[in-house]
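Here full-length UniProt numbering is used: position 46 in the sequence shown is 46, and no number is missing along the way. All C-beta atoms in this analysis are idealised placements derived from N, C-alpha and C, irrespective of residue type, glycine included. Just so it is clear, the structure is predicted and the values come from calculations on it, not from any experiment.
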Amino acid sequence: MRAPKESGSWFWDLDDVTEPGLEPALTTAARMSDVLSAHGLLDPQALEWSWFEVGKGGLGIDSGLSLLSRSLGDEELADEIRGCRPVGHPRAEMTGFVVVGSGTWFDAGGTARSEGRLVELLVSPDSIGPSAELSVHHDVWATCDFRGNPHPAVYARNAPRLAAALRELDAVLGVEAEPGEPTYFGMPKAYGLEDAELLDGRGPDLTDLM
1 MRAPKESGSW FWDLDDVTEP GLEPALTTAA RMSDVLSAHG LLDPQALEWS WFEVGKGGLG
61 IDSGLSLLSR SLGDEELADE IRGCRPVGHP RAEMTGFVVV GSGTWFDAGG TARSEGRLVE
121 LLVSPDSIGP SAELSVHHDV WATCDFRGNP HPAVYARNAP RLAAALRELD AVLGVEAEPG
181 EPTYFGMPKA YGLEDAELLD GRGPDLTDLM
């Protein structure tokens, strides 16, 4: 199951390590996606973002661009994204963009399974301060599933992969990630999720909000 809110997130403040703007943000996204792809966590397939205007806020307009015939390193990608600006809003600016794709997780028997949006990568080109955020919404990274059942084999096959990717992202970006705020579905720590609190051998049942 996929939780409606993240079970863990990690934030990188890139103000001192990269320039603001769309081109540097795409370069950051490409570097991070290469790391995540090497760990089998993200195969980039599309970009998604929203539009806003200074002084007005969000416009309620979303855009997307397929990556199936191009890569994040494509030099024409930035101009194609700008070309998606709503015609009726010439001063519209884009929010941070999400790199959408599928990733691989392993079940208790070791079988590899493909899952859409296994991780989500958000990169912001904000002129005030560029940043990036990685979030996860599934229970394969946690010591218990969302029903509270301990699943040590699933945890052992997946959590170390996420931890390794987070460490490598720190090294590639040159800055350590800050764990996000706890949510109903999990509490992030430096390189993974905090262990579930057990009562009579079971974790909390979180499916009431699923």
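Are there three or more Cβ pairs, one per stretch, closer than 8 angstroms when the segment 92 to 104 is compared with the segment 42 to 56?
-> yes
Just to confirm, are Glu93 and Trp141 a CB contact at a threshold of 8 angstroms?
-> The residue labelled residue 93 in the question sits at position 93 within the sequence shown. The residue labelled residue 141 in the question sits at position 141 within the sequence shown. No; because the gap between Cβ atoms is not below 8 angstroms, this pair is not in contact.
Within this structure, are the beta carbons of Leu65 and Glu76 separated by less than 8 angstroms?
-> Against the sequence shown, residue 65 aligns to sequence position 65. Against the sequence shown, residue 76 aligns to sequence position 76. No.
Quick one: what's got a C-beta closer than 6 angstroms to Glu168's C-beta in the same chain, skipping five residues either side?
-> Here residue 168 refers to the residue found at position 168 of the sequence shown. Cβ within range, chain order: Val35.
Determine which residues share a DSSP beta bridge with Ala46 and list them.
-> As a position in the sequence shown, residue 46 is number 46, starting the count at 1. Bridge partners of Ala46: Ser66 and Val100.
Given Asp43, which residues of its chain have a CB within under 8 angstroms of its CB, disregarding the five upstream and five downstream residues?
-> Numbered from its first residue, the sequence shown carries residue 43 at position 43. Excluding positions up to five away in sequence, the list reads Ser37, Gly101, Ser102 and Gly103.
Would you mind sorting Gly110 into buried or exposed? The rule is 16 or more other CB atoms within 10 Å of its CB.
-> On the sequence shown, position 110 is the one that residue 110 refers to. Exposed.
DSSP state of Met32 mapped onto helix, strand, coil = Translated into the one-based positions of the sequence shown, residue 32 becomes position 32. In the structure shown, Met32 sits in a helix (DSSP, three-state: H, G or I).
Residue from Ile128, Leu22, Arg147 and Leu121 whose Cα sits closest to the Cα of Ser135 = Stepping through the sequence shown from its first residue, residue 135 is reached at position 135. If we check each option's Cα against that of Ser135, Leu121 comes out closest.
Touching by the beta-carbon criterion (3+ pairs, under 8 angstroms), the segment 55 to 71 and the segment 12 to 22 | Counting Cβ pairs under 8 angstroms, fewer than three are found: no touch.
For Met94, which residues does DSSP report across the bridge?
-> Here residue 94 corresponds to residue number 94 of the sequence shown, with the count starting at 1. Answer by DSSP bridge pairing, in chain order: Trp51.
Report the option in Gly129, Trp12, Val123 and Leu173 whose CA atom is closest to the CA atom of Pro179.
-> As a first step, residue 179 is located in the sequence shown; it is residue number 179 there, counting from the start. When each option's Cα is compared against that of Pro179, the closest is Trp12.
Bridge partners - Glu133, DSSP secondary structure assignment | The residue you call residue 133 lines up with position 133 of the sequence shown. DSSP, once it has assigned bridges, lists Phe11 and Leu122 as partnering Glu133.
Who pairs with Trp105 in a beta bridge, going by DSSP?
-> On the sequence shown, position 105 is the one that residue 105 refers to. Note: Trp105 sits in a beta bridge opposite Arg113.
Please list, in chain order, all residues of the same chain as Leu14 whose beta carbon is under 8 angstroms from its beta carbon, the five residues on each side excluded.
-> Looking up residue 14 in the sequence shown gives position 14. Closer than 8 angstroms at Cβ, skipping near neighbours: Thr28, Gly129, Pro130, Ser131, Ala132, Leu173 and Val175.
Nearest residue (CA-CA) to Leu162, options Trp10, Lys5, Ala3 and Met1 = On the sequence shown, position 162 is the one that residue 162 refers to. The option with the nearest alpha carbon to Leu162 is Trp10.
Three-state secondary structure (DSSP) of Ile61 = Taking the first residue of the sequence shown as 1, we reach residue 61 at position 61. Here Ile61 sits in strand by DSSP.
Cβ of Leu118 within 8 angstroms of Cβ of Leu41?
-> The sequence position of residue 118 within the sequence shown is 118, counting from 1. The sequence position of residue 41 within the sequence shown is 41, counting from 1. Cβ distance < 8 angstroms, so Leu118 and Leu41 count as in contact.
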